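Engineer:
Residue numbers (the working numbering): 2 to 569.
(1) Does the stretch 463-472 come within contact of the stretch 505-512, defined as at least 3 CB pairs closer than 8 angstroms?
(2) Report the residue from 298, 95, 62, 450 whose alpha carbon sits nearest the alpha carbon of residue 45.
(3) Please give me, in chain order, every unbroken run of the beta strand (DSSP E) with length at least 3 that falls completely inside the stretch 373-435.
(4) With 16 other CB atoms within 10 Å as the buried threshold, where does residue 154 fall?
(5) Decide if residue 544 is buried, meaning its Cβ has at least 16 other Cβ atoms within 10 Å, or exposed.
(6) Rounded to the nearest angstrom, what separates residue 188 and residue 75 at their Cα positions?
(7) Can you give the Cα-Cα distance for residue 208 and residue 409, rounded to whole angstroms?
(8) Please classify residue 544: does DSSP put it in a helix, a strand, or coil?
(9) Within this structure, are the beta carbons of residue 223 and residue 174 separated by less than 7 angstroms?
(10) Going by the CB atoms, is the gap between residue 555 and residue 531 shorter than 7 angstroms?
(11) Can you give the Cα-Cα distance for residue 502 and residue 287, rounded to whole angstroms?
(12) Check whether the stretch 161-172 and the stretch 110-119 touch, using three or more Cβ-Cβ pairs below 8 angstroms as the test.
(13) Per DSSP, what kind of secondary structure is residue 151 in: helix, strand or coil?
(14) If you check the beta carbons only, do residue 309 and residue 346 fall under 7 angstroms apart?
(15) Would residue 266 and residue 226 be called neighbours here (beta carbons separated by less than 7 angstroms)?
(16) Could you work out which residue in 526, 483, 381 is closest to residue 450 when comparing CA atoms only?
(17) When DSSP labels each residue in this structure, what does residue 506 get in the three-state scheme?
(18) Starting from the Cα of residue 448, find the closest Cα among 412, 427, 456 and give me that residue.
(19) Grab me the residues of residue 537's own chain with a C-beta within less than 6 angstroms of its C-beta, minus the 5 sequence neighbours each way, in chain order.
(20) For residue 194, which of helix, strand or coil comes out of DSSP?
(21) Would you tell me roughly how many angstroms separate the C-alpha atoms of residue 369 and residue 334, rounded to the nearest one?
(22) Taking residue 283 and residue 320 to be in contact with their CB atoms under 8 angstroms, please state how far apart those CB atoms are, rounded to whole angstroms.
(23) Return the CA-CA distance between residue 462 and residue 455, expressed in angstroms with no decimal places.
(24) What first and last residue would you give for the alpha helix (DSSP H) that runs through residue 587?
(25) Here's the rule I'm using: 16 or more other beta-carbon atoms within 10 Å means buried, otherwise exposed. How should residue 362 be labelled?
(26) Report the option in 349, 341, 315, 488 whose CA atom is closest to the CA atom of residue 330.
(27) Is the beta carbon of residue 384 sitting closer than 7 angstroms to the one on residue 424?
(28) Let me know if residue 268 comes out buried or exposed under the rule of 16 or more other beta-carbons within 10 Å of its beta-carbon.
(29) When we look at the beta-carbon of residue 301 and count the other beta-carbons within 10 Å, is it buried (16 or more) or exposed?
(30) Mark residue 24 as exposed unless 16 or more other C-beta atoms lie within 10 angstroms of its C-beta, in which case mark it buried.
(31) Tell me whether residue 346 sits in a helix, a strand or coil according to DSSP, three-state version.
(32) Does any CB atom of chain D fall closer than 7 angstroms to the CB of residue 130?
(33) Quick check on the burial criterion: 16 or more other C-beta atoms within 10 angstroms. Buried or exposed for residue 488?
(34) In whole angstroms, give me the CA-to-CA distance for residue 195 and residue 84.
(35) From 251, 197, 95, pick the residue whose C-alpha is nearest to that of residue 232; which is it?
(36) Quick check: the Cα distance between residue 344 and residue 338, rounded to an integer number of angstroms?
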């Protein structure tokens, strides 16, 4: 039979540690209660370093009631944290007894004695604090509860999400960092297992890591919080536990990884109005702008998205403008930066900034924003609503000649034909705004606005139908445009359909106005009658829709005349 391998020092240490792990919490409580009187006696008998020993003595005197409360907790014998805490207390008490017994004066040097006493004081203070935390904050109960379904598959000996979150709050720095590493691994495999058991205390512990001395620890904490920020259920906890200020600092001065995670977190959190206000109040606008201007593509897109989210809050908009957001967003539209997807954020940010604020509208126009938006609308991608809506907001600030020189009319026709539904609706509203100017009505008709607007009368959304009908009503004041609408075979059917009296149909009053302009035409009147306009108009008359009675009279007179002639 082969000889057994020799027991080395490392093997012996590991064996002793394993044996200690197997001992129950009751054993370590008994051990602590045995060591405490000895430690108190030796401490009181010491000479020299009076102030430090007095501090240690006061901590020792607070320890018995603390251990008593811990031992009477219903979960005392079931929880591994109790055993570990008591084992740590016993180790500290043993070190204290040895130090107090080292002689008076001590055999070791003065500076070494001071250092050892300070270390002991720190360990006792941590033990008192951690015992108090275990008792007062119900961490013991949380960790002892049966794990939810995702944690049921945790391998034996591996701590679950509850225990890891608890370990973030107790013990020395290295133990907390090991818990943070474990938590990140758990979140990679099953993030919901962490979110489902997350508490205010766990969030608070993670937030404290954002200000850790070690850059690596800050990166890990930022990574964990970035993952949690994806969940709406964590948003209020992150805000209430003060996550925003350290995230803003990391976005400004962190490492590459911590910057990226911080900016992503700010982007996700800023989707909430409350968080957006808090970011602005914590001076978070400038760091986001500087992050974007740093030129790192992986940071630019989330920074632009966060600024876009902030611009949705009216009271923040002037602050954004003051920090240079307008210039940055226009530069982005012009291609000064190449972050994927950021042009869409820029267009939406400018849309928000120019909503209901004349001074910001003028500022965007003076910086060349309208020209940039029009060029963006003319790009290879189908035009989207934010850019078209920003143009709608700005055209009132620009003279007719300047609008024409910028190529506004052909761009609007392009959007009406090829844009998204929202972009088409915004552009139809723009037509209404510019055609309040008499000289623009005929030009708009000549540029081909009428066919796409007529087609929009059959759009899926009531808002798009209303915008198209309103734009046509405005353009048809010009006789040339009215004649073009009359020639279109879809105009009368589409307009009659919009006479529907239902409450969800917001376009009916504009449809009446358009049909009134067309009603002198016998062909158009016959079409209106054949598509059921009279039945609709009788209901609209009861609803006092302007022009409905006048149009009904015209159609009924025509119908009566046709009947008389047919009988004759």
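Ideal placement from N, C-alpha and C gives every residue a C-beta, glycine not left out. All figures in this text were calculated on a predicted structure; none of them were measured in a lab.
Structural biologist: The relevant details are as follows:
(1) Between the stretch 463-472 and the stretch 505-512, the count of Cβ pairs shorter than 8 angstroms is three or higher; the stretches touch.
(2) Among 298, 95, 62, 450, the Cα nearest to that of residue 45 belongs to 62.
(3) Listed in chain order, nothing qualifies, since the stretch 373-435 has no complete beta strand (DSSP E) run of 3 or more residues.
(4) The predicted model places residue 154 with a pLDDT of 42, which falls under 50 and marks its position as unreliable; any figure quoted below should be read in that light. By the 10 Å Cβ count, residue 154 comes out exposed.
(5) Exposed.
(6) The alpha-carbon atoms of residue 188 and residue 75 are separated by roughly 30 angstroms.
(7) Going by C-alpha positions, residue 208 is about 50 angstroms away from residue 409.
(8) Coil at residue 544, not helix or strand.
(9) In this structure, residue 174 does not lie closer than 7 angstroms to residue 223 by Cβ.
(10) Result no, Cβ atoms of residue 531 and residue 555 do not sit closer than 7 angstroms.
(11) Residue 502 and residue 287: Cα-Cα distance of roughly 52 angstroms.
(12) Contact between the stretch 161-172 and the stretch 110-119 is absent, with fewer than three C-beta pairs closer than 8 angstroms.
(13) Note that residue 151 scores 43 on pLDDT, short of 50, meaning its location in the model is unreliable and no value can be drawn from it.
(14) Cβ distance < 7 angstroms, so residue 309 and residue 346 count as in contact.
(15) Closer than 7 angstroms, so yes.
(16) When only C-alpha atoms are compared, the closest one is 483.
(17) Secondary structure of residue 506 (DSSP, three-state): coil.
(18) The residue with the shortest Cα to Cα distance from residue 448 is 412.
(19) In the same chain as residue 537, and ignoring 5 residues on each side of it, the C-beta atoms closer than 6 angstroms to its own belong to 500, in chain order.
(20) Taken through DSSP and simplified to helix, strand or coil, residue 194 comes out as helix.
(21) Taking the straight line from one Cα to the other gives about 11 angstroms.
(22) Contact check for residue 283 and residue 320: beta-carbon distance about 12 angstroms, past the 8 angstroms limit, so the pair fails to qualify.
(23) Looking at the two C-alpha atoms, the distance is approximately 14 angstroms.
(24) Absent from the structure is residue 587, since the part of the chain shown begins at 2 and ends at 569.
(25) Around the beta carbon of residue 362, 16 or more other beta carbons sit within 10 angstroms, so the residue counts as buried.
(26) It is 349.
(27) Taking 7 angstroms as the Cβ cut-off, residue 384 and residue 424 qualify as a contacting pair.
(28) Buried, since its Cβ has 16 or more Cβ neighbours within 10 Å.
(29) Flag for residue 301 reads buried.
(30) Under this definition residue 24 is an exposed residue.
(31) Three-state result, residue 346: helix.
(32) The structure shown contains no chain D, having only a single protein chain.
(33) Residue environment: residue 488 is assigned as exposed (fewer than 16 neighbouring CB atoms within 10 Å of its CB, all protein chains considered).
(34) Approximately 24 angstroms, taken between the alpha carbons.
(35) Looking at the Cα atoms, 197 is the closest of the given residues.
(36) So the two alpha carbons sit approximately 9 angstroms from each other.
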